[in-house]
């Protein structure tokens, strides 16, 4: 296993279109996290899963954002009716355990540009 | 409101020199503080993690300190190398309840030859 992978690495879309990003965590990692990072800022927490259960989603930016992890393995993040303000890097991370001090391993991110 | 403030925003140093980055936080209840290194276009990589009872943690040329009373942390880089050029992000996590980490904006470090 080579780490957390994300697909696609880059996405250009037109305003109003829907986009979906995929994250494959490290095998056997039961926690999976999604973050958004804009230029010059630190990552901003969006949501996380413990296996297939979404334990926190209050930080999703709007009801246009949704995430799933149906089988407790890979996860998808969908943005509906994209807006120019959604342009950012979307990062995924995974960790093995459920303690706050567990190390999160980040993927390379998906860079989204909304025209 | 939980906040993490980092300083300086950016820093330029010569190769071989030392530097110290600062992190102040107002996060409660505190669980742990972590420093990440993020290379341009890549995801962050964890450098150190400290819990409430830990004052110092080292990882090679990186040494982090934590003062839980004043809610301050620092990251000291010794004998800097060109590959240290990156953004360094301080992250504080809460204990109990739902997991929501608070990230700082990061310090952008440039090491010149």
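Residue numbers (the working numbering), protein chains in the order written: chain A, 131 to 245; chain B, -12 to 100. Even for Gly, the Cβ is constructed at its ideal location relative to N, Cα and C.
Which ranges would you report for the beta strand (DSSP E) in the stretch -2 to 22 of chain B if only whole runs of at least 3 residues count? Those beta strand (DSSP E) runs which fall completely within the stretch -2 to 22 of chain B and span 3+ residues are 6 to 13.
Closest Cβ-Cβ distance between residue 186 of chain A and chain B: below 9 Å? Chain B, which has a Cβ nearer than 9 Å to the Cβ of residue 186 of chain A, makes this yes.
Taking C-beta to C-beta, are residue -3 of chain B and residue 65 of chain B nearer than 9 Å? no
Excluding the five sequence neighbours on either side, which residues of its own chain have a C-beta within less than 6 Å of the C-beta of residue 80 of chain B, listed in chain order? Cβ neighbours of residue 80 of chain B beyond the five flanking positions: 18, 19, 88.
Using a beta-carbon distance below 9 Å, is residue -5 of chain B in contact with chain A? Contact with chain A is absent for residue -5 of chain B, since none of that chain's Cβ atoms lies less than 9 Å from the residue's Cβ.
From the DSSP output, which residues share a beta bridge with residue 96 of chain B? B/-2, B/73
Segment limits, beta strand (DSSP E) that includes residue 165 of chain A: First-last of the beta strand (DSSP E) with residue 165 of chain A: 161 to 167.
Assess contact between the stretch -11 to 8 of chain B and the stretch 200 to 217 of chain A, defined as three or more Cβ pairs (one per stretch) separated by less than 8 Å. Is contact present? At 8 Å Cβ cutoff, the stretches do not touch.
Status (buried if at least 16 other CB within 10 Å, exposed otherwise) for residue 144 of chain A: Exposed, because fewer than 16 other Cβ atoms sit within 10 Å of the Cβ of residue 144 of chain A.
Just reading off the beta strand (DSSP E) that residue 134 of chain A is part of, what are its end residues? Run containing residue 134 of chain A: none; DSSP gives neither H nor E here.
Tell me whether residue 214 of chain A sits in a helix, a strand or coil according to DSSP, three-state version. Secondary structure of residue 214 of chain A (DSSP, three-state): helix.
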